[in-house]
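Numbering (our numbering), first residue to last: 16 to 128.
All C-beta atoms in this analysis are idealised placements derived from N, C-alpha and C, irrespective of residue type, glycine included.
Given the structure is predicted, the values throughout are model-derived calculations rather than measurements.
See below for the structure under consideration.
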Amino acid sequence: MTLPLPGKSVRGSTTGRPIMALLDLLGRRWSLRILWELRQGPATFRELQARCEGLSPSVLNTRMGELRQALLIDTGDAGYRLSEDGEELVRRCLPLAEWAETWAERLPPPSDA
């Protein structure tokens with residue numbers, strides 16, 4: 016699968032508006048979780064895989080390539096880490112995470128049916 020790029024047709028948008036390209040990238044399985052886990056700090060491949068319990072090495076490798084190509088993560092001596100753009104994206108997601116916590120508290124508990 017190729018990296019969704021602004022200006023190109025992406026999932027949900029033939030015009031490839033930047034927001035749609037970003038949502039396509041973040042909507043890919045495990046992409047957002049990887050970014051969210053890296054907010055805790057750098058991690059090696061194996062450490063990141065452990066943080067994302069259940070993530071296969073092949074999917075992690077694919078997502079890491081996409082996120083590097085999108086300039087959201089970097090590699091260094093300590094392993095993978097958020098780039099400046101990745102850090103800003105995660106910071107901008109924090110209010111959404113706070114809203115989600117409040118929303119979850121208002122929902123009825125899940126049934127075991």
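(message) Give me, in chain order, the residues of the same chain whose beta-carbon lies closer than 7 Å to that of Arg44; leave out the 5 immediate sequence neighbours on both sides.
(response) Locating residue 44 in the sequence shown gives position 29, where the first residue counts as 1. Closer than 7 Å at the Cβ level, and outside the excluded window around Arg44, lie Val74.
(request) Could you pull the start and end residues of the beta strand (DSSP E) that Asp39 belongs to? (result) Numbered from its first residue, the sequence shown carries residue 39 at position 24. Counting along the chain, Asp39 falls outside any beta strand (DSSP E), though it belongs to the alpha helix (DSSP H) covering Pro33 to Leu41.
(request) Say whether the stretch 17–27 touches the stretch 47–62, bearing in mind that this needs 3 or more beta-carbon pairs closer than 8 Å, one atom from each stretch. (result) The stretch 17–27, when compared against the stretch 47–62, does not touch it at the 8 Å Cβ threshold.
(request) Using three-state DSSP, classify Asp89 as helix, strand or coil. (result) Taking the first residue of the sequence shown as position 1, residue 89 is located at position 74. Note: Asp89 maps to strand in three-state DSSP.
(request) Could you please give the first and the last residue of the uninterrupted beta strand (DSSP E) stretch that includes Leu18? (result) For this step, residue 18 is matched to residue 3 along the sequence shown. From DSSP, Leu18 is part of no beta strand (DSSP E); its letter is neither H nor E.
(request) Using DSSP bridges, identify the partner residues of Gly94. (result) Position 79 of the sequence shown holds residue 94. According to DSSP, which records beta bridges pairwise, Gly94 is partnered with Gly91.
(message) Below 8 Å on the Cβ atoms is my contact criterion, and I expect Ala36 with Pro19 to pass it. Report the Cβ-Cβ distance as a whole number of Å.
(response) Counted from its first residue, the sequence shown places residue 36 at position 21. Counted from its first residue, the sequence shown places residue 19 at position 4. Yes, Ala36 and Pro19 are in contact; Cβ-Cβ is about 4 Å, under 8 Å.
(request) Measure how close the beta-carbons of Tyr3 and Leu47 come, nearest whole angstrom, since I'm counting them as under 8 Å. (result) The question about residue 3 has no answer here: the residues shown for the chain are numbered 16 through 128.
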